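Chains as they are written, first to last, in this note's numbering: chain H, 65 to 376; chain B, 65 to 376; chain R, 65 to 376; chain L, 65 to 376.
Where is the CB? At the ideal position from N, CA and C, for every residue including glycine.
Note that this is a predicted model, so its numbers are computed, not measured.
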């Protein structure tokens, strides 16, 4: 079991970890190690592995277990690790969740399956899985309609919080979703409801605004995690203007990485350039970068470096 | 005001009336008259005009009023007429609804605007419009997610019934939707809730099953309304097997007309062949029939005629 | 290698085989055997396993191989078996395809991954996979936009036929899609293009019309395969009216099974009632039948039995 | 006819003009005037009216003509005005286009109707309308799949350019869409094809990158048009770093306005605060701002003001 279980008090930056491959598309576990160390050096508070941006649907079951074991082993007690367990079959969710927890995961993250349409259907899906998992496995509910096609209302989120004590975290990435984030906080406070952790995704594009609206941190994979870490700490220290000044320096590149699809290729390329992984390979079908894309990324990175230098 | 207001007791066949054009695409009000008489001769219990299958979004405002005035004037007190008022703007819904009621409509039918995602959003949309319309205008709520992209839960339908006395009818055409129809009836009965009228759409493809699950009739535009009328009456008289025997004879052609898009062209072609309208023209962009389509329709129609003859 | 490779000349009924589970949700390989024999007894010309209706996304890799091995071993040289290999990762498609062919599959069926938008993207996706698979593996292209969200134009289908000799079959289940089927045939003939096999899906709802438009048979899983088999043979013998007379007797139940989602539960229940499998269990999340659904199915089945009896 | 017809040489900033209402939701033509002058004072090169962000679908026909007449009359020969004419009916497109041109519009902008799936369908839709409009009406093709659901390939765009001389402009707002923009330019140049004007939308979120990839300007409605104008001019003068330095100062607010739905309310609120219009009212159903939203906007605006001041 984890020494760092996910809880309502979890906060800060849970980095969405990329899954490194070789240029031939094989798992590169040595790069998994170096990437893990890179993230820890940048000060992340936790990890989320095997999410959509971790190319989880493109791994075999054996590879899934290999990545999970490698990261959990490497991180050890240094940080909590959340494992993405979303799957078309409830049996698979249950099996992977139990395996993850046995190996020391801090909790699991679960997005809804496709084709859930109404509040009732979304609630029933989660209720079914949560009952099977039991109250001992901390769960992060992932609300990401752009990817899942499923729209989760504030009411559904609160019903889940009320009925299942293991729901301790919301990954908020509805877009536009700031009103929703405020409602989650306000309606929860008004009802004296248990306050859960809310970490934001969507590449962090609205991180400062979301921190001011009650988020507890970010769960995203921007290739400059040190910025996310500093921004969250500055907010925590009550210094929102400084936090956002720093954020704004990185905003052009963060916005660039926000592009769905090609964003993953850009992120891996940056991680490679920063020495964190050896190859920027993305499994097929998937995006790749051409000469224009690479030059564009270089130019934006140089502009960011210059602005950071000018800031002193 | 209507002498036949829509109510919870409304039942039978509310025909979705086609809007006839000339071969040049102009409104053909003479055909509107003949079509109206045709429907009445086939025994329909009511009309629904200016629905999606009535090409309402392709009419100018002037044409909309012309069609509405013509049908309402022609039908007079012979049957209730429901007017489709769905629109991107609430002001337009309100204006058209009031105009329809002033001219003698029995009520209005309203589908949700696009991009409503959660139960809360759907409820709020309807609540906003229903308050503006006031309790004097009977409303049929159209639940047609295949066309609107909006999914309405049983809970939302019931909240609307509870909060707005003017909601007297549901046009049920979620697909697959039979479970939902049963839930609407069961949960309503269990809660001692006001029982509203439920008419089914989707071309009537599951009409017998839906009647057995508690529907009160059909609101669809099949080009052989006499079958729908007889089937509903036979169900009403407690003769479900005879009803479905008749239905099954028409099922091949009904299924053929069920094809979205081209179904409207097939329906108008059949109405033209039956002498109800002068042209099968569908406004552009829209489907048209080629020689293969026409021959296929002829063959299916002849098979139907033969089976009706064999039945005696 | 298969003794019955899929080819442009393949025709008749390729049954979409259900995957039987126990009531506890475990694979039931004994029922896989009995179901395989049931299908063969009904006269099917071929099998398609591990398709969407075979709950393939809900199987573990081990289960996938177990089902594949069991069916291929049982069928042997008695009929060609097509294996569904659609997957989010090209590597997985390649691996499963090779494994299937090694064990004697007749070919593989491939649907596009989600999020392909334009003709160019669809073509490039297939081209990438087809090159990796090589010309020795016969491929059935599955065109099923309602499930995949990907729309394949006639032009794309023909480019694939022109550029890849291994594309020998199209599973046609766009809806409405009859115009498209005719265009595939007409534009192919007009250009002197290689004529591929076209089998139709969508539950067979338009099978007679599609046979008349040039289909070579059906690839669907209706729980009364004997009807599909007889209908295809009658069309082959130039007896379309008799074919459609028979089809029409089954149409009410076939239409009933056509309901997405719950249709699979209805199909498995019927197969269980017919003695082909021991349990109608569908893996979660998935549809289940309540008392009303079961009674409704019984009634429709009895009506079908009565009509078959009346026909003599 | 316009003294400034839209052409392949059109460039710079075509502002997507908001449609001002009173707090009661009536057209506010005095604000239409003041907003028009505001835009001209900020230096815009042209206007686009009656687009999606101009709430066109919520206007009556009379209001549509009133807004069009007012803006065209006010602008006069000072700038070209493009009129959005997208509509469910081709007849309506034709009627509005002719009316616009008669009153002096520079051209029309047309997005595809919903439910076009393949390249062939998209091409045929445009071909049908373009033939009806004739070669004298300059047309801007709007490629905005996030709103229309229609995906237009580079091949389709080029076929339209090749076949219809009146297609002189592309409004590019596919997202992510930078690769596509480069392909439009590269494949066009490689084929010696007529080079059309490309203006970018999506709120301008990637304007600098898009200018470097060959865009000719922006067609968007950011409430600080002066920035867009200066950025486009600096790019035109070959000063991309200065252009992007300026852009980056506005990026936080531009990104904020990028939020679909609520973005329009934020934009109108900013225009009101800047004195360009009297009310920020958005017609229902539509977004409105609460106290948190307003305070957030104030804070972001103040941060922008401070950064502009610091820059000197």
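Sort out for me which residues DSSP pairs residue i with in a bridge.
{"i": "residue 236 of chain R", "result": "R:207, R:264"}
{"i": "residue 112 of chain R", "result": "R:80, R:146"}
{"i": "residue 85 of chain B", "result": "B:91"}
{"i": "residue 231 of chain H", "result": "H:203"}
What's the C-alpha gap between residue i and residue j?
{"i": "residue 201 of chain R", "j": "residue 273 of chain B", "result": "45 Å"}
{"i": "residue 193 of chain R", "j": "residue 217 of chain R", "result": "18 Å"}
{"i": "residue 342 of chain L", "j": "residue 99 of chain L", "result": "9 Å"}
{"i": "residue 257 of chain R", "j": "residue 196 of chain L", "result": "34 Å"}
{"i": "residue 171 of chain L", "j": "residue 304 of chain L", "result": "30 Å"}
{"i": "residue 382 of chain H", "j": "residue 310 of chain H", "result": "Chain H is shown only over 65 to 376; residue 382 of chain H falls outside these bounds and no answer can be derived."}
{"i": "residue 178 of chain R", "j": "residue 224 of chain H", "result": "30 Å"}
{"i": "residue 71 of chain H", "j": "residue 141 of chain H", "result": "16 Å"}
{"i": "residue 164 of chain R", "j": "residue 155 of chain L", "result": "54 Å"}
{"i": "residue 161 of chain L", "j": "residue 352 of chain L", "result": "32 Å"}
{"i": "residue 331 of chain L", "j": "residue 285 of chain L", "result": "8 Å"}
{"i": "residue 363 of chain B", "j": "residue 320 of chain B", "result": "12 Å"}
{"i": "residue 347 of chain L", "j": "residue 329 of chain L", "result": "10 Å"}
{"i": "residue 133 of chain L", "j": "residue 159 of chain B", "result": "24 Å"}
{"i": "residue 129 of chain H", "j": "residue 250 of chain H", "result": "40 Å"}
{"i": "residue 317 of chain R", "j": "residue 367 of chain B", "result": "20 Å"}
{"i": "residue 301 of chain R", "j": "residue 275 of chain B", "result": "40 Å"}
{"i": "residue 81 of chain R", "j": "residue 365 of chain R", "result": "21 Å"}
Mind checking residue i: buried by the 16 CB within 10 Å criterion, or exposed?
{"i": "residue 210 of chain H", "result": "exposed"}
{"i": "residue 359 of chain B", "result": "exposed"}
{"i": "residue 314 of chain L", "result": "buried"}
{"i": "residue 199 of chain L", "result": "exposed"}
{"i": "residue 83 of chain R", "result": "buried"}
{"i": "residue 96 of chain R", "result": "buried"}
{"i": "residue 229 of chain R", "result": "exposed"}
{"i": "residue 334 of chain B", "result": "buried"}
Would residue i and residue j qualify as a contact pair, given that the criterion is a beta-carbon distance under 9 Å?
{"i": "residue 110 of chain R", "j": "residue 77 of chain R", "result": "yes"}
{"i": "residue 263 of chain H", "j": "residue 281 of chain H", "result": "yes"}
{"i": "residue 283 of chain B", "j": "residue 79 of chain B", "result": "yes"}
{"i": "residue 148 of chain B", "j": "residue 113 of chain B", "result": "yes"}
{"i": "residue 186 of chain L", "j": "residue 214 of chain L", "result": "yes"}
{"i": "residue 338 of chain B", "j": "residue 287 of chain B", "result": "yes"}
{"i": "residue 279 of chain R", "j": "residue 294 of chain R", "result": "no"}
{"i": "residue 92 of chain L", "j": "residue 102 of chain L", "result": "no"}
{"i": "residue 150 of chain R", "j": "residue 174 of chain R", "result": "yes"}
{"i": "residue 206 of chain R", "j": "residue 265 of chain R", "result": "yes"}
{"i": "residue 68 of chain B", "j": "residue 144 of chain B", "result": "yes"}
{"i": "residue 277 of chain H", "j": "residue 252 of chain H", "result": "no"}
{"i": "residue 204 of chain R", "j": "residue 242 of chain R", "result": "no"}
{"i": "residue 146 of chain L", "j": "residue 104 of chain L", "result": "no"}
{"i": "residue 136 of chain B", "j": "residue 169 of chain B", "result": "yes"}
{"i": "residue 289 of chain H", "j": "residue 106 of chain H", "result": "yes"}
Handout entry: Start-end ranges of the beta strand (DSSP E) lying completely within the stretch 148–221 of chain H, minimum 3 residues
Key = 171–174, 203–207
Practice task
Tell me the start and end of each unbroken beta strand (DSSP E) in the stretch 247–320 of chain R that is at least 3 residues and wholly inside, in chain order.
Solution key: Under the rule that a run must span 3 or more residues, the beta strand (DSSP E) segments found entirely inside the stretch 247–320 of chain R read 261–264.
Exercise for the section: Within the stretch 318–373 of chain L, note down every full beta strand (DSSP E) run reaching 3 residues or more, in order along the chain. Expected result: none
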